[in-house]
Each structure stands twice: as structure tokens, then as C-alpha cells.
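Numbering (my numbering), first residue to last: 134 to 539. To start, the structure itself, in C-alpha cells.
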Amino acid sequence: MPRALELAASQPWLMLPDALENLLTIADRMGDPMALATRRGERLEDTRKVTMRNGVAVIPVIGPIFRYANMFTEISGATSTQVLGTDIQRALDDPKVRSIVLNIDSPGGVASGINELAEMIFAGRERKRIVAYIGGIGASAAYWIASAAHEIVIDEASLAGSIGVVVEAVVESDAANGRKRYQIVSSNAPNKRPDLATEEGRAKIGETVNALGEVFVGKVARNLGTDAAKVPAMGDFGGLRVGAAAVESGLAHRLGSLESLITELAKPAITVPRKTTMTTVHTTAELRTALAAGTDPNTIEIAQAQQPDLGAIRAEGAAAERDRIKGINALASKGFEKEIEAAIDAGTTVEATALQLFKAAQDRGISLSAIKSDAQGVTATTPTGDGKQGERQAAVSAIVAGASRR
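Here it is, written out as C-alpha cells:
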């Protein structure tokens, strides 16, 4: 068996049957692809081209997909995850690129390297808009790649799906010369070379295929934001869906054409101001509570403490002090000058001063009527200028009257 065919037949594939058959036929004709690649290695550098249109990078994902680029990929019209990864990374890093279109027309390819490439695309969604366009066919490995983009746009006559894994068993027979192949496997590794001619051998290979198939389904479900249990039915259990049916089942997001998609992505992005509800906090405790509750720090507004009007406070205090002094002076009676002076210096209120004078008068044997008469006389002749003489006189009378009842 030629080496190229051995390489192709020895690994699991994510590819449509007809495409895989064509690929194996090419491999059978090629012999040793590595030797041919060595002789014509200069063409490897130009296996992929990224075209730029108004800030949109268009990256072709065309033909069967392999992990590494070589002459085999050139002859079979294939591409490689290695080259795709390099092109996509370049587009993500280039500041001139605003968005990326994966232009997909592929029946799938070898399983190796597909998950790594899809994970790179999925992570790249955080940096730039990535849209997969399926024009022709996006099957198996190609669909895995497409699902990792933000969105899948499909032409109405194109195919998507074939979610599953296959291992193509190549059986060699040569009746003319009766050649046979023998393989001797160490006794501690009987599953290293399962006998595909037996049911047990096929079942063992099936375990590996099923495990890889579960990974495929799980990643598609995550990429599309759906339940993994729904994916097989969405993809018609490994089948293909056409255009509108693919959109209806959830395999694609909408119908469209490549040109309309590029035109759409090339338009300048319109930023719509978002209404933001602000949370106002007044204290450090309120701030900590808001942050602990998961409030966006950008929506937290710290209220500034209201600054007092110092001028108004001073004026109000001075007026109150003048009133206090005037009120105490209104209580003045001959012989009580020291008590009055002490009350003013101590900041005693008018009411408290009146009671102190009453007590002092009792101690000295002075009658209440004399204090009242003297206080009323002083109040009537003291110019206050604030129109409150009557109020103070009434206050003095009430204080003295209250004191007399004690």
C-alpha cells in the first residue's frame, strides 16, 4: 500500500463520503506526499490568501481540511488548519481589520487540529466580529469551524451539517499474487491494532469514534448556545440540511450572500447610547453593599456631602447671641448686675437667667412685683431695633409669673 493512502486511512475523518473517497483515490496515486512536498516546497507559502475589503478580512476555507499544509493539500485542492490559524491570527492582530468572514465551501477533513482551530475562532470573538459564510457546503469539520463564529450565514442553495465522525476502513486485497499483511502486536496492547474483520475490533474502533463525536457535538452546542442533546436532531443525525431548512433547524442563523454580508460588515458601526441606571451611594458602607451585590462600578455615583453655608450659620449664630444678650438685659434689675454679667459670659439662656434672678431675689428678700416692674421698665426703654420688644416683655412676664408659682 502506498504511504499516502496509509496516512489517509489511519486517522478519523470529519468529511463527507464522496469527498473522502476522492481524497483517498488521489492519495493512492500520489505515493509519498512528503517527498513531493519537499521537491516543491516553495509553493507552500502561498496556499492561502486573505483579501481585504473595506475593513473586512475574507478568509477562504475551501476544499478538504488537513492539519498541515503540503503538496498533498495542493493537489487535492485542500487547505490546512495550520495555515488557517496563521491567517486568522493575522487578521485578529491587524488594526485595519474590523471584522472577519470565513468563506466556507468544504466537505470537512481530518479530525486532528479542528478543535484547536475552532477554539481559536471562538476566543477571537472577544476581539472582533467573526461571521461564517457557507456557500456551497459546510459539512463535518467545516461546520465545526463555522459554528465557532459569532454567526452562520448560509446561501439558500447550500448545505450544512454532517455532524459526526467516521473512520474509513481500507482493506487491501491482491488476488493475483496473494500478498497479505501481517501485524504482530505486543500482548500488553491488544487494542493497538483492532482486527476490523471482527465485530469486536470494529466495536473497539467505534468507542474512539463515539468519544470524538461527543466532543464534536458538545463544542457545537456551546458555540451555538444550545443544549447538546438537541444538536443531533438539529443536524438530522449526521445528515445535511439545505439553506432555509438549516436556518429553521438552528444550524445557521440566516440566509444571505457573500457580497451582501461583506457590504453589511463594511458599514461603519453605529453606537447607540445605552440608558444606564445610576446607583447613588452616600456612605462607604453603602458603596461596599452595592459592590457586593454585583452593581457595575461604572453605574455607581458617589454623592458629595452637602457643604453647609458657613456665612448663614455665622449670621444666624450672631443673631441668636444678640437676642440672648438682649433678653437677659431685659431682665436687668438694680442690684443684680453681677448675675446678669455672669449669665451673659456663661451663655445662659434667658429663661435660665430669669430663674436664677428669681432665686437671688428670694435670697435677698426682694419682691417679685419689684423685679417684674423693673424688668418691664428696662424692656420698654431698651432700643432693640428688631421689633420684638413686646415679645420679650411678654416672655419676661411669663417667666416671672412662672417663677412665682414655684
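Note that CB positions come from ideal geometry on N, CA and C, so glycine has one too.
So with Cβ pairs under 7 Å, would you call residue i a contact of chain C?
i: Asp288; result: This model lacks chain C altogether; it includes just one protein chain.
In chain order, what residues of the same chain lie with their CB nearer than 7 Å to the CB of residue i, ignoring the 5 residues before and after it?
i: Thr359; result: Gly383
i: Asp179; result: Any reading at Asp179 is ruled out, since the residue's pLDDT is 39, under 50, leaving its predicted position unreliable.
i: Arg172; result: Bear in mind that the predicted position of Arg172 carries a pLDDT of just 33, short of 50, making it unreliable; the figure below should be weighed with that in mind. Cβ neighbours of Arg172 beyond the five flanking positions: none.
i: Ala354; result: Asp360, Ala361, Val364
i: Arg387; result: Val286, Val380
i: Gly376; result: Ile287, Asp288, Glu289, Ala290, Ser291, Leu388
i: His283; result: Arg258, Arg262, Ile263, Val264
i: Asp429; result: none
i: Thr422; result: none
Below 8 Å on the Cβ atoms is my guess for residue i versus residue j; work out the distance and round it to an integer in Å.
i: Val189; j: Arg258; result: Incorrect: roughly 16 Å between the Cβ atoms, too far for contact.
i: Leu391; j: Tyr266; result: 5 Å
i: Ile198; j: Gly242; result: 3 Å
i: Ser120; j: Gly271; result: This structure gives no information on residue 120, because the portion of the chain shown stretches from 134 to 539.
i: Asn248; j: Val194; result: Contact flag wrong, Cβ pair sits at about 15 Å.
i: Leu398; j: Val216; result: Wrong, their Cβ atoms sit about 23 Å apart, outside the cutoff.
i: Ala244; j: Ala274; result: 7 Å
i: Glu472; j: Ala493; result: 6 Å
i: Phe255; j: Asn321; result: Not confirmed; about 39 Å, so no contact.
i: Arg447; j: Val483; result: Incorrect: roughly 22 Å between the Cβ atoms, too far for contact.
Please name the residue in the options whose C-alpha comes closest to that of residue i.
i: Ser393; options: Leu217, Ala451, Ser320, Val286; result: Val286
i: Glu454; options: Lys400, Ile477, Lys337; result: Ile477
i: Val183; options: Gly196, Ala211, Arg223; result: Arg223
i: Tyr276; options: Ile458, Gly368, Arg260; result: Gly368
i: Ala279; options: Thr331, Ile446, Asn462, Ala385; result: Ala385
i: Glu252; options: Ile221, Val318, Asp227; result: Ile221
i: Gly346; options: Asn462, Met411, Thr331, Phe370; result: Phe370
i: Arg497; options: Thr416, Ala366, Phe469, Thr212; result: Phe469
If I measure Cβ to Cβ from residue i and keep anything under 6 Å in the same chain, skipping five residues before and after, which residues do I get?
i: Thr214; result: Arg200, Gly246, Leu250
i: Pro323; result: none
i: Val191; result: Thr184, Val234, Asn236
i: Ala281; result: Ala251, Ile254, Phe255, Asn356
i: Met411; result: Thr432, Glu434
What residues in its chain sit with their C-beta under 8 Å from that of residue i, if we drop five residues either side in the sequence?
i: Gln316; result: Arg326
i: Lys229; result: Met185, Gly188
i: Gln489; result: Glu472, Ala476, Thr481
i: Val342; result: Pro145, Val298, Val299, Val300
i: Val318; result: Lys325, Arg326
i: Asp227; result: Ala190
i: Arg77; result: Because the chain in this structure spans residues 134 to 539, residue 77 falls outside the shown range and cannot be described.
On the three-state DSSP scale, how would you describe residue i?
i: Pro197; result: coil
i: Ala290; result: coil
i: Asp456; result: helix
i: Thr417; result: helix
i: Gly241; result: strand
i: Thr284; result: A quick correction: the sequence has Glu, not Thr, at residue 284. Strand.
i: Met411; result: coil
i: Asn236; result: strand
i: Val216; result: helix
i: Ser426; result: Inspection of the sequence shows that residue 426 is occupied by Ala rather than by Ser. Residue state, collapsed to three classes: coil.
i: Gln489; result: helix
i: Thr396; result: helix
i: Ala377; result: helix
i: Leu384; result: coil
i: Arg186; result: strand
i: Glu434; result: strand
i: Gly351; result: helix
i: Gly268; result: strand
i: Val565; result: Nothing about residue 565 can be read from this structure; the chain reaches only from 134 to 539.
i: Ile317; result: coil
i: Ile278; result: helix
i: Val191; result: strand
i: Arg262; result: strand
i: Val299; result: strand
i: Val230; result: coil
i: Leu250; result: helix
i: Ala330; result: coil
i: Asn356; result: helix
i: Gly444; result: helix
i: Thr341; result: helix
i: Ala494; result: helix
i: Phe255; result: helix
Three or more C-beta pairs under 8 Å: does that hold for the segment 340-350 against the segment 284-298?
Per the Cβ contact rule, the segment 340-350 is in contact with the segment 284-298 (3 or more Cβ pairs under 8 Å).
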